[in-house]
Amino acid sequence: MPQKAGASSFAFVAIITFVTWIALIFSPGIPMGDFLQEVIMAVIVSLTVAALTYKHLPNASLKYFHPRRLGYLFVYVLVFIRELIKANLNMARIVLSPNLPLKPGIVKIKTDLKPDFARLLLGNSITLTPGTMTMEVNGGTLYIHWVEICEDLKDAGDIIKGSFEKWLKGVFS
Amino acid sequence: MIGLILYYIGLALCYVGSLFFILGGIGLYRMPDVYNRMQASTKTTTMGLMSIVLGVGLMQPYWIVKAIVIIVFIALTAPVGASAMARAAYKSGIPLWEGTVHNDCDAPSCKEVEQQ
Amino acid sequence: MNYYYLGIVILLAIGTILALYRLLRGPTAADRMVALDAITNVTAGMIIFIALLSGRFIYVDVTLVFAILSFVGLIIVARYLEGGI
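Structure (structure tokens):
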């Protein structure tokens with residue numbers, strides 16, 4: 001099996017690098033010949049990068065391109081955008097109210113997500129959602145700074161994580 | 174026609190982004206301690222920058238690909254920077270505001286609490 | 290220049306001045322770091338707005354590189370404050 005897993009990891013890294021390179025190199029009104037040249041260069045670079053790094057990225061795998069996972073990722077992005085707008089309106093309300101309605105505190109919550117990248121995405125989402133900010137991630141424990149802390153701390157995990165954890169589980173399980 | 178509509182949507186997004194920058198500045202001015210200032214400024218300026226970049230991408234439709242690349246990059250890195258700043262402030266021993274209600278980690282580093 | 294654009298530039302300038310107050314005044318180093326982060330974000334917005342005003346695509350790339358460099362600098366300052374680069 002290691003052979004197959006290595007090939008899958010190699011292909012994943014190569015595809016991601018290729019897409020990133022093309023997105024960075026793309027500029028409007030580029031002549032077709034130049035663009036072809038860039039595509040050849042992108043293939044060379046992505047194959048080199050993948051050959052150098054795939055052994056160090058055992059979690060990378062082609063299974064993340066499965067349509068079900070991409071669907072979960074799409075829903076996650078939509079929820080993220082909605083929460084981002086809500087968070088900013090909430091922060092605008094706090095900042096502009098005459099007597100700052102602050103009740104800050106640091107709470108500790110647990111997460112079940114296993115891969116590091118999933119935890120990173122969860123921490124990022126928590127930072128950009130209403131009134132919360134990730135201070136420290138230590139294993140499966142997250143320390144959250146919260147501007148308006150809730151009454152009952154038992155519900156804290158559910159309120160902070162919202163539906164993000166569900167969608168991320170769909171992507172990374 | 175569609176270009177004109179996109180132009181005005183982009184202009185509105187640019188105004189929204191600039192207003193969020195000002196909100197971040199007011200938050201920096203008014204909030205009582207480092208952590209609350211961090212909350213106010215990072216959220217609003219991240220949102221403002223994303224909004225301005227998207228607005229410019231809509232006003233010049235050929236630029237939209239690079240604009241989306243910048244937005245994805247900001248969405249991935251700005252929260253990481255905010256977390257690093259918060260952890261650095263906490264570990265360098267800056268006290269929480271006296272109105273703080275609850276604190277789950279009392280040592281200079283949360284990690285030390287976890288290991289005991 | 291279009292008057293709409295002038296309004297956006299003035300709003301961006303007010304945001305910068307508010308953050309600059311905290312950068313100059315801030316009691317601790319972490320306050321200054323937060324203010325500097327806000328100012329780099331506003332500056333990135335200004336650069337991409339310059340790209341729109343001058344109509345040159347190259348400034349969009351400048352914005353991207355500026356965002357990357359400000360992120361790296363922020364991480365380095367944060368590591369320094371933690372004690373141990």
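First to last, the protein sequences are chains A, B and C. Going by the working numbering, the first residue of the first sequence is number 1, and it counts up by one from there. Going by the working numbering, the first residue of the second sequence is number 174, and it counts up by one from there. Going by the working numbering, the first residue of the third sequence is number 290, and it counts up by one from there. No residue lacks a Cβ here, since even glycine has one placed at the ideal position from N, Cα and C.
Beta-carbon neighbours of residue 226 (chain B), restricted to chain C and to distances below 7 Å:
Working through the second sequence from its first residue, we reach residue 226 (chain B) at position 53. Per Cβ cutoff of 7 Å: 337.
Anyone know if the C-beta pair for residue 129 (chain A) and residue 87 (chain A) falls short of 8 Å?
Your numbering for residue 129 (chain A) matches position 129 in the first sequence. Your numbering for residue 87 (chain A) matches position 87 in the first sequence. Cβ atoms of residue 129 (chain A) and residue 87 (chain A): closer than 8 Å.
With a threshold of 8 Å between beta carbons, is residue 221 (chain B) in contact with chain C?
Stepping through the second sequence from its first residue, residue 221 (chain B) is reached at position 48. It does: the Cβ of residue 221 (chain B) has a partner Cβ on chain C nearer than 8 Å.
Output, in chain order, the set of chain F residues within a Cβ distance shorter than 7 Å of residue 355 (chain C).
The chain inventory of the structure shown lacks chain F, comprising the protein chains A, B and C.
Going by DSSP, name the residue or residues bridged to residue 136 (chain A).
Against the first sequence, residue 136 (chain A) aligns to sequence position 136. Bridge partners of residue 136 (chain A): A:143.
Evaluate residue 177 (chain B) with the Cβ neighbour count: other Cβ atoms within 10 Å of its Cβ, from every protein chain shown; 16 or more gives buried, anything less gives exposed.
In the second sequence, residue 177 (chain B) corresponds to position 4, counting from 1. Exposed, since its Cβ has fewer than 16 Cβ neighbours within 10 Å.
Residues from the segment 19-31 of chain A in contact with chain C, defined by Cβ distance under 9 Å:
24, 27, 28, 29
Contact check, residue 144 (chain A) vs residue 94 (chain A), beta carbons under 8 Å:
In the first sequence, counting from the first residue as 1, residue 144 (chain A) sits at position 144. In the first sequence, counting from the first residue as 1, residue 94 (chain A) sits at position 94. No. Outside cutoff.
Could you pull the DSSP bridge partners for residue 169 (chain A) from this structure?
If you number the first sequence from 1, residue 169 (chain A) lands on position 169. In DSSP, residue 169 (chain A) forms no bridge with anything.
Proximity test, residue 345 (chain C) beta-carbon vs the ligand HEM heavy atom, cut-off 7 Å
Of ligands this structure carries none, so the ligand HEM is not represented either.
At 7 Å on the CB atoms, spell out the chain B contacts of residue 293 (chain C), in chain order.
Counting from one through the third sequence, the residue named residue 293 (chain C) turns up at place 4. Ordered by position in chain B, the residues that pass the 7 Å Cβ test against residue 293 (chain C) are 184.
Segments of 3+ residues assigned as beta strand (DSSP E) that fall wholly inside the segment 79-131 of chain A
If only uninterrupted beta strand (DSSP E) runs of at least 3 residues are considered, those enclosed by the segment 79-131 of chain A are 105-110.
In terms of residues, what are the limits of the alpha helix (DSSP H) holding residue 292 (chain C)?
Position 3 of the third sequence, counted from the start, is the residue given in the question as residue 292 (chain C). From DSSP, the alpha helix (DSSP H) with residue 292 (chain C) extends over 292-314.
Enclosing alpha helix (DSSP H) for residue 330 (chain C) [first to last residue]
In the third sequence, residue 330 (chain C) corresponds to position 41, counting from 1. Boundaries of the alpha helix (DSSP H) around residue 330 (chain C): 318-343.
Beta-carbon proximity list for residue 57 (chain A), same chain, < 7 Å, skipping 5 on both sides
For this step, residue 57 (chain A) is matched to residue 57 along the first sequence. Short of 7 Å from the beta carbon of residue 57 (chain A), and not among the five residues preceding or following it, lie these beta carbons of its own chain, in chain order: 9, 13.
Residue 174 (chain B) (DSSP reduced to helix, strand or coil):
On the second sequence, position 1 is the one that residue 174 (chain B) refers to. Correct three-state label for residue 174 (chain B): coil.
Taking all protein chains shown into account, do 16 or more other C-beta atoms lie within 10 angstroms of the C-beta of residue 232 (chain B), making it buried, or fewer, making it exposed?
The residue labelled residue 232 (chain B) in the question sits at position 59 within the second sequence. With 16 or more Cβ atoms within 10 Å of its Cβ, residue 232 (chain B) is classed as buried.
So if I threshold CB-CB distances at 8 Å, which residues from the segment 88-107 of chain A count as touching chain B?
Under the 8 Å Cβ criterion, the segment 88-107 of chain A contributes 88, 91, 92, 94, 95, 96, 100, 102, 103, 104, 105, 106, 107.
Residue 209 (chain B), enclosing alpha helix (DSSP H) - first and last residue:
Stepping through the second sequence from its first residue, residue 209 (chain B) is reached at position 36. Residues 207-232.
As a quick exercise: from A:31, A:173, A:90, A:4, pick the residue whose alpha carbon is nearest that of residue 102 (chain A).
Counting from one through the first sequence, the residue named residue 102 (chain A) turns up at place 102. Across the set A:31, A:173, A:90, A:4, the C-alpha of A:90 shows the shortest separation from the C-alpha of residue 102 (chain A).
Quick one: Cα of residue 195 (chain B) to Cα of residue 98 (chain A), how far?
Stepping through the second sequence from its first residue, residue 195 (chain B) is reached at position 22. Stepping through the first sequence from its first residue, residue 98 (chain A) is reached at position 98. Roughly 16 Å between the two C-alpha positions.
Interface flag, residue 351 (chain C) vs chain B, CB-CB below 8 Å:
Counted from its first residue, the third sequence places residue 351 (chain C) at position 62. No, its Cβ sits nowhere closer than 8 Å to a Cβ of chain B.
Given a cut-off of 8 Å on the beta-carbon distance, is the pair residue 157 (chain A) and residue 126 (chain A) in contact?
Within the first sequence, residue 157 (chain A) is the residue found at index 157, counting from 1. Within the first sequence, residue 126 (chain A) is the residue found at index 126, counting from 1. Against a cut-off of 8 Å, the Cβ pair of residue 126 (chain A) and residue 157 (chain A) comes out as no contact.
Residue from A:169, A:85, A:92, A:60 with nearest C-alpha to residue 122 (chain A):
Counting from 1 along the first sequence, the entry for residue 122 (chain A) is found at position 122. When each option's Cα is compared against that of residue 122 (chain A), the closest is A:169.
Residues in the same chain with beta-carbon distance under 7 Å from residue 288 (chain B), minus the five sequence neighbours each way, listed in chain order, please.
In the second sequence, the residue the question calls residue 288 (chain B) occupies position 115. Any reading at residue 288 (chain B) must be qualified, since the residue scores a pLDDT of 45, below 50, and its modelled position is unreliable; the value itself is stated next. Correct list: empty, nothing qualifies.
Alpha carbon to alpha carbon, what distance is there between residue 212 (chain B) and residue 148 (chain A)?
Locating residue 148 (chain A) in the first sequence gives position 148, counting from the first residue. Locating residue 212 (chain B) in the second sequence gives position 39, counting from the first residue. Answer to the nearest angstrom: the Cα atoms are 11 Å apart.
Spell out a yes or no on whether the segment 259-266 of chain B and the segment 220-230 of chain B are touching, meaning 3 or more CB-CB pairs, one atom from each, closer than 8 Å.
In short, these stretches do not touch, since the Cβ pair count stays below three.
Quick check on residue 270 (chain B): buried or exposed, where buried means 16 or more other Cβ atoms within 10 Å of its Cβ?
Looking up residue 270 (chain B) in the second sequence gives position 97. By the 10 Å Cβ count, residue 270 (chain B) comes out exposed.
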